[in-house]
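I have placed the structure first, in the form of structure tokens, so that the comments after it can refer back to it.
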Amino acid sequence: ELKKAGGWTFEMIDTKNPCGGISNWKASTDANGGTPGRKNSVNGINNDQSSPRLLRAFPATSTSLTLVFDEPLDSLKAAAVNDYAIDNGLQVINAMPVSPFFNEVIITLNNPIAVGTVYSVIVKNVTDCVGNVIGEKNMTKFGIAENADSLDLVINEILFNTLSCHDLSI
Numbered sequence: 014e015l016k017k018a019g020g021w022t023f024e025m026i027d028t029k030n031p032c033g034g035i036s037n038w039k040a041s042t043d044a045n046g047g048t049p050g051r052k053n054s055v056n057g058i059n060n061d062q063s064s065p066r067l068l069r070a071f072p073a074t075s076t077s078l079t080l081v082f083d084e085p086l087d088s089l090k091a092a093a094v095n096d097y098a099i100d101n102g103l104q105v106i107n108a109m110p111v112s113p114f115f116n117e118v119i120i121t122l123n124n125p126i127a128v129g130t131v132y133s134v135i136v137k138n139v140t141d142c143v144g145n146v147i148g149e150k151n152m153t154k155f156g157i158a159e160n161a162d163s164l165d166l167v168i169n170e171i172l173f174n175t176l177s178c179h180d181l182s183i
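Everything in the sequence shown is counted per my numbering, starting at 14 for the first residue and increasing by one.
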């Protein structure tokens with residue numbers, strides 16, 4: 014009944030925090046259904062006080078790596094090559110934040126990622142849109158798996174309670 018004759022208008026809660034993501038949007042409470050040209054009906058403060066976190070990294074190609082963060086980053090700061098460090102002889106030669114959400118950065122490497130090697134990537138000084146600097150969750154591991162050989166051992170399941178198997182009736 015509430016919106017029987019029309020849809021919903023979403024408004025930004027805190028216009029000073031445009032990168033706040035989904036938590037910074039709310040359905041308009043205006044009687045007309047929206048507030049074009051006026052202050053948003055849901056206007057308020059939606060502070061972001063949490064530091065961005067590096068969630069994971071995965072090879073996009075043999076010489077590039079995609080880093081995934083838990084929130085949008087300041088795209089200018091995320092493009093600083095010196096803020097990324099990788100072990101085992103790899104160096105970052107380019108960093109490109111991915112639009113439109115800016116929660117991913119593609120970094121280009123000086124050499125190909127070696128198959129079967131586990132690498133660590135550390136991010137420093139990168140900030141979110143309101144200036145929170147990346148905190149403790151700034152490191153993750155990545156690599157390219159080797160193909161299994163005919164004599165390799167692959168474990169894909171561990172039965173931790175063998176007694177419960179005897180209770181099953183087939």
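C-beta atoms are modelled at their ideal positions from N, C-alpha and C, and glycine is treated no differently.
| message | Tell me the residue span of the alpha helix (DSSP H) that contains Lys90. | response | Ser88 to Ala91
| message | What would DSSP say about Gly156, mapped onto helix, strand or coil? | response | strand
| task | Compare the C-alpha of Pro113 against each of Lys137, Ile26 and Pro85 and name the closest. | result | Pro85
| said: Taking the straight line between their C-alpha atoms, what separation do you get for Leu68 and Ile119? | reply: 14 Å
| field | Simplified DSSP assignment, three categories, for Val55 | value | Three-state DSSP puts Val55 in coil, outside helix and strand.
| Hey, would you say Val134 sits closer than 7 Å to Ala70, going by beta carbons? | Their beta carbons are under 7 Å apart, which means Val134 touches Ala70 by this criterion.
| query | Could you give the distance in angstroms between the alpha-carbon of Met152 and the alpha-carbon of Val136? | reply | About 6 Å.
| request: State the start and end residues of the unbroken beta strand (DSSP E) segment that holds Phe197. | output: Nothing can be reported for residue 197: it is not among the residues displayed for the chain, which extend from 14 to 183.
| query | Which partner residues does Val196 have in the DSSP bridge list? | reply | Limits of the chain in this structure are 14 at one end and 183 at the other, which puts residue 196 out of reach.
| task | Ignore the nearest five residues each way along the sequence and tell me which others in Pro64's own chain have a CB closer than 7 Å to its CB. | result | The question names Pro, yet the displayed sequence has Ser at residue 64. Asn145, Val146, Ile147 and Gly148, listed in sequence order.
| Beta-carbon separation (whole angstroms), Gly46 vs Thr22, contact threshold 8 Å | 6 Å
| request: Determine the DSSP secondary structure at Asn123, reduced to helix, strand or coil. | output: coil
| Helix, strand or coil at Asn45 according to DSSP, with G and I counted as helix | coil
| said: On the DSSP letters alone, give me the boundaries of the beta strand (DSSP E) that Pro5 sits inside. | reply: No information on residue 5 is available, as it lies outside the stretch 14 to 183 that the chain covers here.
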